[in-house]
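Below is one structure, written out as structure tokens, with a few remarks after it.
Residue numbers (the numbering used here), protein chains in the order written: chain A, 1 to 255; chain B, 1001 to 1381; chain C, 2001 to 2573.
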């Protein structure tokens, strides 16, 4: 086994590149399976509570910022397309266009995160954050309403207005606790998804660096492919999150 | 050192159903296991190195045998399953008779509280005294149940998940916060049994234990009335919330004990052990002290006066004349029908030495003349 | 129809003992960094072996405290709070930091590549990362234990864990969460390796059953662990942010946690036991000089357990307020998962038939496994059957049952593995006498510890009780007495195995005359395992014909202890 017959990218413990690449691809697929189950636990919790508390979930969902979600969906889908172009470029050994496509993908992903951060910030400004912040806003609004004032506009205030004159257990009463349950799932799901995007961006940046240093020769295009698998999965998960979180209540009050 | 009997006591119908299945599984699985162990032991001895000369035979398996020991266990397991389902089904609350008695049990860190329907009698089934209020601590007793009578128990937890388990009943149920769960028992044997909390619930989990006491139907009825102390034998107390217990509150509220004490200086007859006696009257007759007599002596004390107690100037009784009315009020000398029954029950159950003491520092009764504003303590039933 | 496959031909003379190379994986490099930065699967296996020994000791000491405390019905040495922390420490340490990684991370890492003829696992760096992640998780857990402990039990049920406990729930859950990723990495690595890196001739049907077992284990690790990871995240969020996901007083549902938790934690018991079954298949065939009885049945029963094991989680919740019909369903499915275990027991027993059996330490541990695992398995039936579980749930019957499976089964299989592969891993033989003595002592101590617990369990003694009614005391005393014998049994190997490293006779390449590829290379192996890519020509257990998987004639199997005793009595005695 002389080293000269081997490609420099072949790792010592593999017999040939084909074996190495198929191992890498299989490894990534298996990792994706674990990712699906990771989010699966969250989807399971979401499903259970959505079935139990449909009205609260619709209300809470309707207060999220839909246009950012739509824009973000477009950004991510486009980034998956450019990622695929990047694989093609790698297969053809076109270093320059590989780097270009990777950079575009990176920028689209970064834009997604930017808008997401803006959305979080806006939610925070509106006190649409589970826990003490929301509870205080809700209590303040209730206080204002009972004293005949007009509460400061916020989702919590809208909820208080909706609930005005109703008691827990009345038809139409929306439990603020269950609204927060939705919010909690919203932040955890989008937050963990955001972390995944961040990891993906890191991987893409690393690919750009490798490509720039000529470390991704044609026969090693599967490195790009493996990262793309991950990127597509993150994209796919968003395609589930988007309807579950944003579209659930999108039609509320707009008949 | 105490030891355990071989068999755990069976004290409910579900225990009777449990036991045969448990032992059938035990004997079948133990028999099979021992057969396997004997085979292993025999092979180890018979086929130890050198016992049989030459190389070992190349046996790769046998589909027939493997099929046999796949199908056979499966059939046996399915048999266990079906039997187990039968028992489980019978233990579920949907199998309880519709006319079952009902008890509610609340679990909290770290005690069990029970309340009987519809009378509202309350008992602390057990727990860690250090976690209780003074009132609760006084009420520590046992969950008293009648023998051979089905009872549906509804559970809820106030904090974490607990589990109400009675080994002698072969019953266990997780007690969950925010959700009502139900099970049912039909005790079959008079006696006293452990109640354990079987779901870990924090520091004093192991002290969240109590007793269930199965008594005869008569004893149970007496207990519900508050006529016995079956929930905590030897204490002499009526179970909280029972008619006798309420009657005691009224007895105290109306200051009956200032005259009806249990000693010789009393200004009125001693009521202890009165029930069932024959009472000699001033008119020379003798009447049995039953509930009618006691009731009548409250609302119409002049009707039958006990010999030697006609101490009013006119030779009548000095007992105030209580009228049945909408309220129970010492100043107006009225008593509600319900309170009348409760006081009657209290007197009915009064045993030697149990009269509440004549206590001079008792607060003046609510609305009593001269002290209208002072609220009474401990008079709220 | 009996199974006949083409018989490999008996071949020429025994090949000469391979020359023991001067440079092997242990001495090709020195210094702490050569270990801490190694990507050699064998060194990583050794790192795991050492760290697991430490965590096993910690968990074992906690168990000792628990048993000592139970000598008295009102607690002999600990307060209630201390006791609760102690059994939690025992559970967390033993489950997350010993049992789950044990065989996959130590022997899987070390031997899977060698057994399938590969130079390393598919992702060596990931493998090293898995050890670091594991140690980080363990660091969190140990921090949680030392900085005041956790008192929730290893099951971490909310709302107790999320709201009422005043202890270090978050660091403890964090430790379990992090170590879960290590488990995923190991599983992924082993699965990809088995799929992609088998040497020529190593078909699926020729793989040693240990590889099949670890394949099934990896499947569970990959599918189960992420779910418990996210569950722990939700728990930690609920506890830190005070938002109700599981706490009913603020909108959540505590039963949902139990579903998500057991969706992993029930399959996790198969993560623990299936590798043990793999070890047993290796050792049993070798020491009875027989083919395994029903290779396919044993292989596929592992996979069957792995798959069906995912469909039975709610049998932990029969009395926890799940619906009547789901209880019926989950009990039925549990009956199906019991069958493959029964098949294995019968097949192993049949393997002994007409063998040529010797009783060195690995075999003694394996026989003990057979007995204890059988008892553990059949007592599981009582808990799977709805009618009996109602009474036995959460009593010492459960405790005894899972210790029979986990300790009697898994730990003894682990010991069998240690003793079987020790010569290969270290190049040294250990004391024959003391190793056999240790197997006997552990077996006896184990029985004495856990059989009384079945009795008190049947009588209703609940788990996690530092205070218990006086009538249970005699059985607890017996159990504690047994535990001290068991402790002695565990202590003995740590002494004679350590001594063997310095004074043990050098091991030959194939001291047991076994057929696996790992025995065709020198003891200890060189860094890249094989000089040439091996070519496998036959199945794994051709002991009757006497050829190994490369088709070479096996050396004469060792007489029971004869050649070694003399040398070692000089050393140890």
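All C-beta atoms in this analysis are idealised placements derived from N, C-alpha and C, irrespective of residue type, glycine included. This one's a predicted model, so the numbers in the text were calculated from it and none came from an experiment.
Residue from the options with nearest C-alpha to residue i
i: residue 2512 of chain C; options: C:2283, C:2111, C:2052; result: C:2283
i: residue 2559 of chain C; options: C:2288, C:2479, C:2458, C:2296; result: C:2288
i: residue 197 of chain A; options: A:154, A:13, A:72; result: A:72
i: residue 1154 of chain B; options: B:1104, B:1016, B:1281; result: B:1104
i: residue 2387 of chain C; options: C:2333, C:2254, C:2327; result: C:2327
i: residue 1026 of chain B; options: B:1051, B:1049, B:1076; result: B:1076
i: residue 2399 of chain C; options: C:2350, C:2124, C:2451; result: C:2451
i: residue 1119 of chain B; options: B:1244, B:1190, B:1316, B:1079; result: B:1244
i: residue 2385 of chain C; options: B:1021, B:1012, B:1016; result: B:1021
i: residue 93 of chain A; options: A:25, A:156, A:216; result: A:216
i: residue 1055 of chain B; options: C:2552, C:2551, C:2542, C:2550; result: C:2542
i: residue 2335 of chain C; options: B:1010, B:1201, B:1073; result: B:1073
i: residue 158 of chain A; options: A:54, A:200, A:29, A:141; result: A:141
i: residue 1144 of chain B; options: B:1109, B:1019, B:1122; result: B:1122
i: residue 2341 of chain C; options: C:2203, C:2275, C:2027; result: C:2275
i: residue 52 of chain A; options: A:207, A:200, A:182, A:237; result: A:182
Three-state secondary structure assigned by DSSP to residue i
i: residue 1201 of chain B; result: coil
i: residue 213 of chain A; result: coil
i: residue 1116 of chain B; result: strand
i: residue 2494 of chain C; result: helix
i: residue 1104 of chain B; result: strand
i: residue 2567 of chain C; result: The predicted position of residue 2567 of chain C is uncertain, since its pLDDT is 41 and thus under 50; a value taken from the coordinates is nonetheless stated next. Note: residue 2567 of chain C maps to helix in three-state DSSP.
i: residue 1350 of chain B; result: coil
i: residue 1323 of chain B; result: strand
i: residue 2524 of chain C; result: coil
i: residue 1317 of chain B; result: coil
i: residue 244 of chain A; result: helix
i: residue 2428 of chain C; result: strand
i: residue 2385 of chain C; result: coil
i: residue 1098 of chain B; result: coil
i: residue 2003 of chain C; result: Any reading at residue 2003 of chain C needs caution, since the residue's pLDDT is 41, under 50, leaving its predicted position unreliable; the model's value is listed next. Three-state DSSP puts residue 2003 of chain C in coil, outside helix and strand.
i: residue 2415 of chain C; result: helix
i: residue 1372 of chain B; result: Confidence at residue 1372 of chain B is low in this model, with a pLDDT of 42, below 50, so its placement is unreliable and no value can be given for it.
i: residue 2 of chain A; result: Its pLDDT being 40, under 50, residue 2 of chain A is placed unreliably in this model, and the value from its coordinates should be taken loosely. Three-state result, residue 2 of chain A: coil.
i: residue 1093 of chain B; result: helix
i: residue 63 of chain A; result: coil
i: residue 1379 of chain B; result: Unreliable placement is indicated for residue 1379 of chain B, whose pLDDT of 38 sits below 50; the coordinate value is still reported in the next sentence. Note: residue 1379 of chain B maps to coil in three-state DSSP.
i: residue 2562 of chain C; result: Here residue 2562 of chain C scores only 46 on pLDDT, less than 50, and its place in the model should not be relied on; the value that follows carries that caveat. Helix at residue 2562 of chain C.
i: residue 2410 of chain C; result: helix
Beta-bridge partners of residue i, as assigned by DSSP
i: residue 1185 of chain B; result: B:1151
i: residue 1278 of chain B; result: B:1288
i: residue 1240 of chain B; result: B:1122
Nearest-angstrom Cβ-Cβ length linking residue i and residue j, presumed shorter than 8 Å
i: residue 1267 of chain B; j: residue 1318 of chain B; result: 7 Å
i: residue 2264 of chain C; j: residue 2306 of chain C; result: Wrong, their Cβ atoms sit about 13 Å apart, outside the cutoff.
i: residue 2364 of chain C; j: residue 2439 of chain C; result: 4 Å
Checklist entry - Just by C-beta distance, which residues in the stretch 2093–2122 of chain C are closer than 9 Å to chain A? => result 2113, 2118, 2119, 2120, 2121, 2122
Checklist entry - Going along the chain, which residues of the stretch 2227–2243 of chain C sit with their C-beta nearer than 9 Å to a C-beta in chain A? => result 2227, 2228, 2229, 2230, 2231, 2233, 2234, 2237, 2238, 2241, 2242, 2243
Item to check | Residues of the stretch 2247–2258 of chain C whose Cβ lies closer than 8 Å to any Cβ of chain A, in chain order | outcome: 2250, 2251, 2252, 2253, 2256
Checklist entry - Taking Cβ-Cβ distances below 9 Å as the criterion, which residues of the stretch 2369–2393 of chain C are in contact with chain D? => result No chain D is present in this structure, whose protein chains are A, B and C.
Checklist entry - Going along the stretch 167–179 of chain A in order, which residues come within less than 8 Å of chain C, judged by CB to CB distance? => result 175, 177, 178
Next on the checklist: If the cut-off is 9 Å on Cβ atoms, which residues from the stretch 35–49 of chain A count as contacting chain C, listed in chain order?
Outcome noted: 35, 36, 37, 38, 39, 40, 41, 42, 44, 45, 48, 49
Checklist entry - According to a CB-to-CB cut-off of less than 8 Å, which residues of the stretch 2533–2563 of chain C neighbour chain A? => result 2533
Checklist entry - Which of the residues in the stretch 2332–2363 of chain C, read from start to end, lie with their CB under 8 Å from any CB of chain B? => result 2332, 2335, 2336, 2338, 2339, 2342, 2343, 2345, 2346, 2347, 2349, 2350, 2352, 2353, 2354, 2355, 2356, 2357, 2358, 2359
Checklist entry - Going along the stretch 1166–1188 of chain B in order, which residues come within less than 7 Å of chain C, judged by CB to CB distance? => result 1167, 1170, 1171, 1172, 1173, 1174, 1176, 1177, 1178, 1179, 1181
Next on the checklist: Short of 9 Å Cβ to Cβ, which residues in the stretch 2128–2147 of chain C face chain A?
Outcome noted: none
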